[in-house]
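> Pasting in a structure now, in structure tokens, and then I'll have a few things to ask.
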Amino acid sequence: MEEELGLIGASAEDTEAELIRKICETELLAEENLLSAFLPLLVKICSSPGRYSHPQLTTAACLALSQYMMISPLVCEDNIRLLFTVLERSTLPVVRANTIIALGDLTVRFPNILEPWTQNLYARLSDEVSSVRQTAVTVLTQLVLKDVLKVKGQVSEVAVLLIDPEPHITSLALNFFNELATKDNAIYNLLPDIISRLSDPERGMSSEDFNTIMKQLFSYITKERQTESLVEKLCQRFRTAKTERQWCDLAMSLSLLSMCERGFKRLQECWECYSDKLTEPGVYQPLLSITAKLRRGAKPQFKAQVDDFEKRLTAVHTRGLENVESPEMDENQRNEGSTEKTSTCTPLPTRGRQKSRRGQTKSSVSSHGDDSFVTPQKSRKSKKPVITFSSDEEEDEEDAVMTESETPKVTTPISRTSRRARLRN
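Here it is in structure tokens:
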């Protein structure tokens, strides 16, 4: 029965694989074996390029060292720093290219050991030699698409290759993103970080190159929900952007989106994020182009909303945000004006104030919109007069408890009449 179910074969393969792994880790490079005698020699040649400068010797030593590292995780951990040093400092392009291939194999073999060095591997995408860049993008494409490497913001280095002067490297980078687009939400999740990295002033990328890269990447965003979410994310980035160039890049990225009504609504909701930057032409013009796209074939009601938004953009751009009142501000000011009219009260004469201090108990009413409060009174058939205090006490209107200085010092007893007497009256 076990033979029919295939349990014996599967368990035998697992046992055999475990045996091979144990032999590789403990026996092949043991001190009593011949292979272990060559390892110190390889390490010395690779770590002393000035002394051992022959190209063929250096190339062979680096390849041999990488094969030793494939055998045992202990050897890999001990020499991984040396191998990356060779990758970054070697003057021979062939050595750097071979080392990239070896590190790709090591990433598959020991992913946990190589994971902290991922950034150094992506750095070879900007190598000065085209053959090294080509090897790097080929290796990284295989590692990313096979889910060996996690897709992170370093993919921006691959995006830079979309404008590489070498056509075959550009085609490799384009193929990378075409394959990556088949994975759910992969490019959508990476776009905000890619934009931030490429618009970094330290990188020094021109606006034309940035626009070329972004046009290609935004062509993969086709879902309406993704567009709506990206509008919000990019608008929020205006708050953290420090330079005018970064503002312009974010505005240009927004203009490249295939925006719909929901995306436009989200753009309106995020007005406060970018409204103070509209005086810059590089921010104003891309956002203005969005309204031109939305106006095409729009329904009359939606077209009116787009026109109103365009008027706001133009007004802020020409006069500045501090000189333009948004619709929300106008509405608030109208509400404040109406409450001020209703809350205007005539101050009491001085004589009335002195009487109140002598002990007459009065109810204070401070009318200030919906936030006003009235001293609680019991409902009676006979209405008692209500005395309002002057506006010099409006600062303390939130607290219904009077301070000690406001509390009368001398109080006059209030004569209470019986219920029958009140009924007779």
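Position in the sequence shown counted from 1, then plus 396, gives you my numbering. Here a beta-carbon is modelled for each residue, glycine too, at the ideal position from N, C-alpha and C.
1. How about Thr514 and Val490: do their beta carbons lie closer than 7 Å?
2. Between the segment 500 to 510 and the segment 546 to 553, are three or more C-beta pairs nearer than 8 Å?
3. Can you check whether the CB of Arg658 is closer than 7 Å to the CB of Glu624?
4. According to DSSP, simplified to helix, strand and coil, what is Ala426?
5. Which residue marks the beginning of the alpha helix (DSSP H) containing Arg599, and which one marks its end?
6. What do you reckon, are the CB atoms on Ile509 and Ala555 nearer than 7 Å?
7. Report the start-end ranges of each beta strand (DSSP E) in the segment 446 to 474 that is 3 residues or longer and not cut off at the edges.
8. Is DSSP giving Ser444 helix, strand or coil here?
9. Using a 10 Å radius around the Cβ and a threshold of 16 neighbouring Cβ atoms, would you call Leu558 buried or exposed?
10. Considering just the uninterrupted stretch of the alpha helix (DSSP H) at Met648, what are its terminal residues?
11. Where does Ser527 fall in DSSP's three states?
12. Just curious, the alpha helix (DSSP H) that Ser567 is in, first and last residue?
13. With burial defined as no fewer than 16 other Cβ atoms inside 10 Å of the residue's Cβ, what is the status of Ala532: buried or exposed?
14. Hey, Ala493 and Val528: beta-carbon distance below 7 Å or not?
15. In whole angstroms, what is the alpha-carbon distance linking Pro588 and Tyr448?
16. From which residue to which residue does the alpha helix (DSSP H) around Phe660 run?
17. Do Tyr616 and Ala577 count as a contact pair if the criterion is CB distance below 7 Å?
18. Would Glu676 pass as a contact of Glu620 if the rule is Cβ separation under 7 Å?
19. Give a yes or no on whether the C-beta atoms belonging to Ser651 and Ile686 are separated by under 7 Å.
20. Taking the C-alpha atoms as reference points, what is the distance between Glu412 and Leu424?
21. Can the beta-carbon of Leu646 be found less than 7 Å from the beta-carbon of Leu663?
22. For Leu521, collect the residues of the same chain with a Cβ closer than 8 Å to its Cβ; drop the 5 residues on either side in sequence, then sort them by chain order.
23. For Asn516 and Ile467, I'd like the C-alpha separation in whole angstroms.
24. Where does the unbroken alpha helix (DSSP H) through Tyr518 begin, and where does it stop?
25. Among residues of its own chain, excluding the 5 on either side of Leu690, which ones have a beta-carbon nearer than 7 Å to its beta-carbon?
26. Quick check on Asp523: buried or exposed, where buried means 16 or more other Cβ atoms within 10 Å of its Cβ?
27. How would you call Asp605, buried or exposed, if buried means at least 16 neighbouring beta carbons within 10 angstroms?
28. Ile416 to Ser603, Cα distance in whole Å?
29. Give a yes or no on whether the C-beta atoms belonging to Ala457 and Cys442 are separated by under 7 Å.
30. What are the boundary residues of the alpha helix (DSSP H) that Asp589 is part of?
31. If you measure between the beta carbons of Cys669 and Phe634, is that distance less than 7 Å?
32. If you draw a straight line from the alpha carbon of Asn571 to that of Glu562, how long is it in whole angstroms?
33. Helix, strand or coil for Arg692, going by three-state DSSP, please let me know.
34. State yes or no: is the C-beta of Thr495 within less than 7 Å of the C-beta of Leu483?
35. Assign Asn475 to buried or exposed, taking buried as 16 or more other Cβ atoms, counted over all protein chains shown, within 10 Å of its Cβ.
36. If you draw a straight line from the C-alpha of Cys472 to the C-alpha of Gln538, how long is it?
On the basis of the supplied data:
1. Using a Cβ distance threshold of 7 Å, Thr514 and Val490 do not count as a contacting pair.
2. Contact fails: fewer than three Cβ-Cβ distances are below 8 Å.
3. Yes; because the gap between Cβ atoms is below 7 Å, this pair is in contact.
4. Coil, per DSSP.
5. Counting along the chain, Arg599 falls outside any alpha helix (DSSP H), and DSSP gives it neither H nor E.
6. No. Outside cutoff.
7. List check, beta strand (DSSP E) in window: nothing returned.
8. The answer is coil: DSSP assigns Ser444 none of H, G, I, E or B.
9. Leu558 comes out buried.
10. Its alpha helix (DSSP H) spans residues 640 to 651.
11. In the three-state reduction of the DSSP assignment, Ser527 falls in the helix class.
12. Start and end: 563 to 576.
13. Around the beta carbon of Ala532, a 10 Å sphere encloses 16 or more other beta carbons of the protein chains shown; the residue is thus reported as buried.
14. Yes, they are a contact pair.
15. Each residue's Cα considered, the two are about 46 Å apart.
16. Per DSSP, Phe660 is one residue of the alpha helix (DSSP H) stretching across 657 to 665.
17. Cβ distance < 7 Å, so Ala577 and Tyr616 count as in contact.
18. Not closer than 7 Å, so no.
19. Contact flag set, yes.
20. Taking the straight line from one Cα to the other gives about 16 Å.
21. Leu663 sits away from Leu646, with the two beta carbons spaced by 7 Å or more.
22. Cβ neighbours of Leu521 beyond the five flanking positions: Arg529, Ala532, Val533, Leu536, Glu553, Val554, Val556, Leu557.
23. Going from the Cα of Asn516 to the Cα of Ile467 covers about 23 Å.
24. For Tyr518, the uninterrupted alpha helix (DSSP H) run begins and ends at 514 to 518, by DSSP.
25. Here the set comprises Met655, Phe660, Val702.
26. Using a 10 angstroms sphere on the CB of Asp523, the tally of other CB atoms reaches 16 or more, which defines it as buried.
27. Asp605 is classed as exposed because its beta carbon has fewer than 16 other beta carbons within 10 Å across all chains shown.
28. One C-alpha to the other measures close to 55 Å.
29. Note that the C-beta distance between Ala457 and Cys442 is below 7 Å.
30. Segment 582 to 594, the alpha helix (DSSP H) holding Asp589.
31. Cβ distance < 7 Å, so Cys669 and Phe634 count as in contact.
32. Those two C-alpha atoms are separated by around 15 Å.
33. Three-state result, Arg692: coil.
34. A contact, by the Cβ cut-off of 7 Å.
35. Its Cβ being crowded by 16 or more others within 10 Å, Asn475 is buried.
36. It is roughly 21 Å from the alpha-carbon of Cys472 to the alpha-carbon of Gln538.
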